[in-house]
Amino acid sequence: AQSVTQLDSQVPVFEEAPVELRCNYSSSVSVYLFWYVQYPNQGLQLLLKYLSGSTLVKGINGFEAEFNKSQTSFHLRKPSVHISDTAEYFCAVNTLQGAQKLVFGQGTRLTINP
Amino acid sequence: EAGVAQSPRYKIIEKRQSVAFWCNPISGHATLYWYQQILGQGPKLLIQFQNNGVVDDSQLPKDRFSAERLKGVDSTLKIQPAKLEDSAVYLCASSPRGSGGWETQYFGPGTRLLVL
Numbered sequence: 020a021q022s023v024t025q026l027d028s029q030v031p032v033f034e035e036a037p038v039e040l041r042c043n044y045s046s047s048v049s050v051y052l053f054w055y056v057q058y059p060n061q062g063l064q065l066l067l068k069y070l071s072g073s074t075l076v077k078g079i080n081g082f083e084a085e086f087n088k089s090q091t092s093f094h095l096r097k098p099s100v101h102i103s104d105t106a107e108y109f110c111a112v113n114t115l116q117g118a119q120k121l122v123f124g125q126g127t128r129l130t131i132n133p
Numbered sequence: 327e328a329g330v331a332q333s334p335r336y337k338i339i340e341k342r343q344s345v346a347f348w349c350n351p352i353s354g355h356a357t358l359y360w361y362q363q364i365l366g367q368g369p370k371l372l373i374q375f376q377n378n379g380v381v382d383d384s385q386l387p388k389d390r391f392s393a394e395r396l397k398g399v400d401s402t403l404k405i406q407p408a409k410l411e412d413s414a415v416y417l418c419a420s421s422p423r424g425s426g427g428w429e430t431q432y433f434g435p436g437t438r439l440l441v442l
């Protein structure tokens, strides 16, 4: 079965600073990878996903992520954050074969300080 | 396009009581999911429906939880009787087909349950 580890439960950064949220996954088969964002009192919204092809994936709101198969990682980055990026970010994995189930990490709370 | 609708948004009950949550997916979406999100954790899949058939309910505590999706559209998740550890946000999501792991899932705002 697949699993996801988000290495930081909380990440505080200053406004306009760059940020990286780390995600590692484990799976015995090929995977699809996702980042979802959850704003306060809202449901989850897709930021970006990796299905195949280019390992650098661009998403909404200026976020991007890089798939690294050898390191089984899918880190999320943004070069300059805004107050509005304050939210919980979830990395998730699904598989190409077998029991296809979206499995989430425990989340990273991103706090932007002015 | 209307999103996934859920009600109620908040519910407080005492242990051993029963509770039900309702979800209306995006129109035309074949697959519907119920997730449980405990504070400080990521969402965990409870049950997945494709049209009105169950695809996966391996993580549903069947002694107390039940779910149905009548006519392949909206769905109800019930807990009877509730335990303290059922306090969580219950998220409903839908996707167009659900037959491939690449599909984006669209989430509702969730129902926050507190069991006292």
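So the sequence lines, in the order shown, correspond to chains A and B. Our numbering puts the first residue of the first sequence at 20, with every later residue one more than the last. Our numbering puts the first residue of the second sequence at 327, with every later residue one more than the last. Backbone N, C-alpha and C fix where the C-beta goes; we use that ideal spot for every residue, glycine too.
In terms of Cβ geometry, B/L365 and B/C418 do not form a close pair [threshold 9 Å]. Beta-bridge partners of B/R438 (DSSP): B/Y336 and B/V415. A/N132 is bridged by DSSP to A/F33.
Within the region 385–413 of chain B, the complete beta strand (DSSP E) runs of at least 3 residues fall at 391–394 and 401–405.
Interface annotation, A/F86: not in contact with chain B, CB-CB separation never under 9 Å. Within the region 105–121 of chain A, those residues whose Cβ lies closer than 8 Å to any Cβ of chain B are, in chain order, F109, A111, N113, T114, L115, A118, Q119, K120 and L121. In chain order, C42, Y44, C110, A111, V112, V122, F123 and G124 place their CB closer than 7 Å to the CB of A/V23, counting only its own chain and leaving out the 5 sequence neighbours on each side.
The Cβ neighbour count for A/E107, taken over all protein chains shown within 10 Å, is at least 16; the residue is labelled buried.
The beta carbon of A/K68 falls within 9 Å of a beta carbon belonging to chain B, placing the residue at that interface.
Ranked by Cα distance from A/T74, the first of A/L65, A/E85 and A/V48 is A/E85.
Between the region 89–97 of chain A and the region 341–356 of chain B, the count of C-beta pairs closer than 8 Å stays below three; the two stretches do not touch. A residue is called buried once 16 or more other Cβ atoms fall within 10 Å of its Cβ, and B/P351 is buried on that count.
Cβ atoms of A/I131 and A/E34 come within 8 Å of each other, at about 5 Å. Proximity of the region 48–62 of chain A to the region 397–414 of chain B falls short of the contact definition, fewer than three beta-carbon pairs being nearer than 8 Å. The DSSP assignment places 50–57, 63–69, 75–77, 83–87, 92–97 and 106–114 as complete runs of the beta strand (DSSP E) inside the region 47–123 of chain A, in order along the chain (cut-off: 3 residues). Put simply, the CB of A/V23 is near chain B, with a gap under 9 Å to one of its CB atoms.
At a cut-off of 9 Å between beta-carbon atoms, A/N80 makes no contact with chain B. DSSP lists B/Q376 as the beta-bridge partner residues of B/G379. At a cut-off of 9 Å between C-beta atoms, A/G124 counts as an interface residue with respect to chain B.
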